[in-house]
Each structure stands twice: as structure tokens, then as C-alpha cells.
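Undergrad:
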Amino acid sequence: MSKKESRQQVYTLLVEVGRNTGDGLPAEATGAALMCYASGVDEAEAVRETVAILKQADLAPLDVSGYGTLDERLAEGHDISDDEKALMARALEENSVIVAQMTPFFDKID
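Converting from the sequence shown to our numbering requires adding 588 to each position, the first position being numbered 1.
1. Could you check whether Ala-645 and Gly-606 sit closer than 8 Å to each other, using their CB atoms as the reference points?
2. Taking contact to mean at least 3 C-beta pairs separated by less than 8 Å, is the region 688-696 in contact with the region 616-627?
3. Give the secondary structure of Gln-689 by DSSP, where H, G and I count as helix, E and B as strand, and everything else as coil.
4. Assign Thr-638 to buried or exposed, taking buried as 16 or more other Cβ atoms, counted over all protein chains shown, within 10 Å of its Cβ.
5. In this structure, how does DSSP classify Gln-597 when only helix, strand and coil are distinguished?
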């Protein structure tokens, strides 16, 4: 039998999170932005899986922005490094969500 071709693709997502007890963010942070690579048959599934995993990690997802698949991003002219492509390939191979970067926010609210 031949292996059935997977319909899974990897989507680039930017997730903004707020504060939550036990979230692991720096004490002074007001939230963070997470760059994620998530597999799914469509972007909606990738978003659902990412949000569910982040909630399990005690993070508080507030907003998700999708930037498309590797092919879509290349078509739009995005410059994608080999390291980024490797993380995307890993997310596809493992059918997983990979948090590639976390940037905490230190907004002062007066």
C-alpha cells in the first residue's frame, strides 16, 4: 500500500497572550507575543490547536493573526530563513505546534 498524502500544512501564527497565574512570563510583563508554527488541514484547525496548547501551558491567548503557509508567505515575498523553514518542517513532521519566539510586553499603564 502506498502512503496516503497528508493534507496537513504548517501555518505561521502570531499569538498575543495576556497574563495568567503560572504563565511563566517575567513578573513585570503585561503579556507577550508568540511566533508559532502550527500544523493543520486548514488555518482554522491550526489556530484551534495552538490556542488549546497555549491554554494547557497556563497562557491566556487574546488574539491570533495568521500569516499563511510557507508557499503563501513566499508568494507574498517574505524572506524566510533556513532556520525558520526547518522549524516549519519539524511542525509538519511532528504534527505539532512549535513556539519559535516569545517577546514579552512591558507596557506601563498609567
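Think of the CB as a built atom: it goes at the ideal place given N, C-alpha and C, for glycine as much as any other residue.
TA: Quick answer:
1. no
2. These segments touch.
3. strand
4. buried
5. If DSSP states are grouped into helix, strand and coil, Gln-597 belongs with the strands.
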